[in-house]
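Counted the way my numbering counts, the sequence shown spans residues 28 to 366.
Glycine is no exception: its CB is placed at the ideal position from the N, C-alpha and C atoms.
All values reported here derive from a predicted model rather than from experimental measurement.
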Amino acid sequence: MRILVTGAAGFIGGNYVLFRLENYPGDTIVSLDKLTYAGNLENLASVMDDPRHQFVKGDIADSNLVEELFDAQDKRFDAVINFAAESHVDRSIDNPDIFLKTNTFGAFTLLEAVRRHGAGMFIQVSTDEVYGSLGLDDPSFTETTTIDPSSPYSASKASADFMALSYYRTYQIPVIVTRCSNNYGSYQFPEKLIPLFINNLLNDKQVPIYGSGENTRDWIHVRDHCGAINLILEKGKSGDVYNIGGQCEKKNIEIADHLIEMMGKDKSMKKFVTDRPGHDFRYSMDISKMESELGWRPAVKFEDGLKETVDWYKNNRAWLEKVTSGAYRGYYDKMYKNR
Ligand code: NAD
Ligand code: DAU
Numbered sequence: 028m029r030i031l032v033t034g035a036a037g038f039i040g041g042n043y044v045l046f047r048l049e050n051y052p053g054d055t056i057v058s059l060d061k062l063t064y065a066g067n068l069e070n071l072a073s074v075m076d077d078p079r080h081q082f083v084k085g086d087i088a089d090s091n092l093v094e095e096l097f098d099a100q101d102k103r104f105d106a107v108i109n110f111a112a113e114s115h116v117d118r119s120i121d122n123p124d125i126f127l128k129t130n131t132f133g134a135f136t137l138l139e140a141v142r143r144h145g146a147g148m149f150i151q152v153s154t155d156e157v158y159g160s161l162g163l164d165d166p167s168f169t170e171t172t173t174i175d176p177s178s179p180y181s182a183s184k185a186s187a188d189f190m191a192l193s194y195y196r197t198y199q200i201p202v203i204v205t206r207c208s209n210n211y212g213s214y215q216f217p218e219k220l221i222p223l224f225i226n227n228l229l230n231d232k233q234v235p236i237y238g239s240g241e242n243t244r245d246w247i248h249v250r251d252h253c254g255a256i257n258l259i260l261e262k263g264k265s266g267d268v269y270n271i272g273g274q275c276e277k278k279n280i281e282i283a284d285h286l287i288e289m290m291g292k293d294k295s296m297k298k299f300v301t302d303r304p305g306h307d308f309r310y311s312m313d314i315s316k317m318e319s320e321l322g323w324r325p326a327v328k329f330e331d332g333l334k335e336t337v338d339w340y341k342n343n344r345a346w347l348e349k350v351t352s353g354a355y356r357g358y359y360d361k362m363y364k365n366r
């Protein structure tokens with residue numbers, strides 16, 4: 028297959044490119060990424076000289092650039108997989124503008140290019156957050172749960188989902204929307220819960236737990252997410268939505284406890300801080316459609332995946348130090364100093 032992967036220098040897009048080229052030796056991939064603070068070419072270092080891979084720096088919301096990129100191809104892409112996004116909820120609360128531009132307008136720009144040039148499939152990589160928040164005893168999100176986003180981030184992703192599905196209905200463009208739960212694994216930028224806590228603990232700093240720490244997320248290893256996307260690309264039904272989840276609900280406080288124990292630190296490393304505004308209480312994915320239609324289930328056990336992730340950050344201190352120097356310090360102070 029010839030695949031355009033956007034957001035390829037980020038956490039999930041980067042893991043996807045590496046995973047895909049390793050497991051599908053006949054593929055070629057064009058990676059498109061704006062290289063924002065979250066994009067890091069080091070994530071793609073092992074494939075930068077691979078003749079099957081081409082990297083293009085650019086913005087998915089730049090219609091001229093996207094048009095030129097599609098024009099330059101000998102034949103149409105077999106798949107366009109849109110991972111590119113502003114992905115951090117806290118940043119969207121601080122500065123929603125860029126979320127709308129990248130997540131909504133960017134997806135629209137790619138869809139327009141696919142409308143003009145064609146593509147075998149357009150996969151819009153979305154999130155469980157578009158469904159909003161669950162109470163403790165509510166049933167898990169299914170693909171037909173009402174869309175009810177809470178943050179500018181999730182609202183911008185929900186808009187992109189609707190736009191993508193409208194292109195399927197209106198223009199018969201082959202589109203699939205995937206909605207996944209919280210990912211963890213290697214190369215995740217340390218603004219998100221797990222890598223931020225690992226980084227703090229490696230530096231003997233307390234871990235900031237929002238509110239009471241009772242908020243719950245459904246955790247999936249990034250390899251399982253990538254595997255699910257491959258299966259959806261092969262066998263998924265155009266015009267459909269697929270929920271992907273880890274079947275692993277954990278309270279944030281439990282994650283803190285796991286990491287503190289795993290990293291041999293003391294319980295006093297926990298610090299409760301002011302809550303996130305509009306903080307969704309619980310996410311939980313019903314994955315029965317993926318199970319019954321595509322025979323998929325997550326394979327990585329949380330304890331094993333978390334241990335592997337901690338080891339990855341321990342063994343890649345240079346990567347971590349590089350991404351936490353400079354602008355990250357300002358970000359951390361702004362978000363956490365007086366919290
Ligand atoms: P990330 O922030 O680690 O990476 C995003 C990448 O997109 C970066 O490389 C960045 O440079 C690039 N990018 C940002 N704006 C761009 C633009 N305008 N044009 C081109 N590239 C741009 O994000 P992630 O965690 O890897 O998430 C990838 C996708 O998966 C996102 O669409 C996100 O909404 C979705 N998702 C993430 C999770 C999760 O737990 N991280 C779960 C479900 C879905
Ligand atoms: O559910 C999928 C989503 O998961 C993705 O769409 C998003 O791109 C991704 O960022 C993630 O969103 P969350 O808001 O769930 O992830 P985050 O890691 O920011 O926070 C996870 C939980 O931990 C949440 O309840 C807030 C809490 N938290 C987070 C941080 C960064 C803390 O208690 N302290 C922190 O310092």
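Proximity of F168 and N242 at Cβ, strictly below 7 angstroms:
Not a contact, by the Cβ cut-off of 7 angstroms.
Taking just the CA atoms, how far does L333 sit from Y211?
8 angstroms
Could you please give the first and the last residue of the uninterrupted beta strand (DSSP E) stretch that includes N109?
A106 to N109
Would you list the residues sitting across from K84 in a DSSP beta bridge?
D60
For the putative contact between I56 and V141, defined by C-beta atoms under 8 angstroms, what is the C-beta separation to the nearest angstrom?
Cβ atoms of I56 and V141 stay farther apart than 8 angstroms, at about 17 angstroms.
Under the three-state DSSP convention, the category V327 falls into:
coil
So the beta strand (DSSP E) V234 belongs to, where does it begin and stop?
V234 to Y237
Less than 7 angstroms between the C-beta atoms of F38 and Q215, yes or no?
yes
On a CA-only basis, which of E170, G41, T129 and A35 is nearest S90? Give me that one, please.
Ranked by Cα distance from S90, the options E170, G41, T129 and A35 are led by T129.
Buried versus exposed, by CB contacts within 10 Å (16 or more), R196:
R196 comes out exposed.
Helix, strand or coil: how does DSSP classify R79 here?
coil
V152 CB to nearest heavy atom of ligand 1 below 6 angstroms:
yes
Please find out if some non-hydrogen atom of ligand 2 comes closer than 6 angstroms to the beta-carbon of G340.
First, the amino acid is wrong: residue 340 is Tyr here, not Gly. Because no heavy atom of ligand 2 lies under 6 angstroms away, the Cβ of Y340 does not count as near it: no.
Under 7 angstroms between C-beta atoms of G145 and R103
Closer than 7 angstroms, so yes.
What is the DSSP secondary structure of T55, reduced to helix, strand or coil?
strand
As an exercise, report each continuous beta strand (DSSP E) stretch of at least 3 residues that is fully enclosed by the region 221-293, in chain order.
234-237, 243-248, 268-271 and 276-278
Could you tell me the alpha carbon to alpha carbon distance between A255 and S153, rounded to whole angstroms?
Distance between the alpha carbons of A255 and S153: 13 angstroms.
To the nearest angstrom, how far is the alpha carbon of R47 from that of F82?
Looking at the two C-alpha atoms, the distance is approximately 15 angstroms.
Could you please give the first and the last residue of the uninterrupted alpha helix (DSSP H) stretch that includes V44?
F38 to N50
Any non-hydrogen atom of ligand 2 within 6 angstroms of I125 CB
no
According to the Cβ coordinates, are L163 and S311 closer than 7 angstroms?
no
Quick check: does the Cβ of C87 come within less than 6 angstroms of any heavy atom belonging to ligand 1?
Per the sequence shown, residue 87 should be read as Ile rather than Cys. Yes, ligand 1 has a heavy atom inside 6 angstroms of this Cβ.
Identify whether R143 lies in helix, strand or coil by the three-state DSSP scheme.
R143: helix per DSSP, three-state reduction.
Within the structure, which residues are defined as neighbours of ligand 2 by a Cβ-heavy atom distance below 6 angstroms, reported in chain order?
S114, H115, V116, T154, D155, E156, S208, N209, K219, L220, L223, P235, I236, Y237, N242, R244, N279, R303 and Y310
Applying the 10 Å Cβ sphere with the 16-neighbour rule, what's the burial state of N50?
exposed
If you measure from the beta carbon of T171 to each beta carbon in chain C, is any gap under 7 angstroms?
Here there is only one protein chain, and chain C is not present.
Here's a check: name, in chain order, each residue in its chain whose Cβ is nearer than 8 angstroms to the Cβ of F132, leaving out the five neighbours to either side.
Excluding residues within five positions, the ones whose Cβ falls inside 8 angstroms are A88.
Under the assumption that P325 contacts G273 (Cβ atoms under 8 angstroms), give the Cβ distance between them as a whole number of angstroms.
5 angstroms
Is it true that the CB of F149 sits closer than 7 angstroms to the CB of T33?
Not closer than 7 angstroms, so no.
So, with DSSP's three-state summary, where would you put I125?
If DSSP states are grouped into helix, strand and coil, I125 belongs with the helices.
For A35 versus D60, is the C-beta distance shorter than 7 angstroms?
yes
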